[in-house]
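Q: Quick one: this structure, given as structure tokens, is what I'll be asking you about.
Residue numbers (the working numbering): 1 to 66.
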């Protein structure tokens, strides 16, 4: 499960604009890359639990901010 979550985080860094910007910002601040990757894993898990608890599909925040 951990390896799948790690691969998901790496893919999210490449394709999710919000997480990509977050990753770049934290690395530029001097945070270790693995530490930032762990934070992104936690963000993914939080998103999954939120959508399951709400019973609604995930909607990107950028769609609301446009």
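Cβ atoms here follow ideal geometry from the backbone N, Cα and C, with glycine treated the same way.
For residue 14 and residue 33, I'd like the C-alpha separation in whole angstroms.
A: For residue 14 and residue 33, the distance between alpha carbons rounds to 14 Å.
Q: Within 8 Å, do at least three Cβ pairs link the region 5-19 to the region 46-54?
A: No, the region 46-54 does not touch the region 5-19.
Q: Suppose contacts are defined by Cβ-Cβ distances below 7 Å. Is residue 41 in contact with residue 4 by that definition?
A: Not a contact, by the Cβ cut-off of 7 Å.
Q: Once DSSP output is grouped into helix, strand and coil, what is the label at residue 35?
A: Reduced to three states, the DSSP call for residue 35 is helix.
Q: Would you identify the three-state DSSP class for residue 67, choosing helix, strand or coil?
A: This structure leaves residue 67 out entirely; the chain is present only between 1 and 66.
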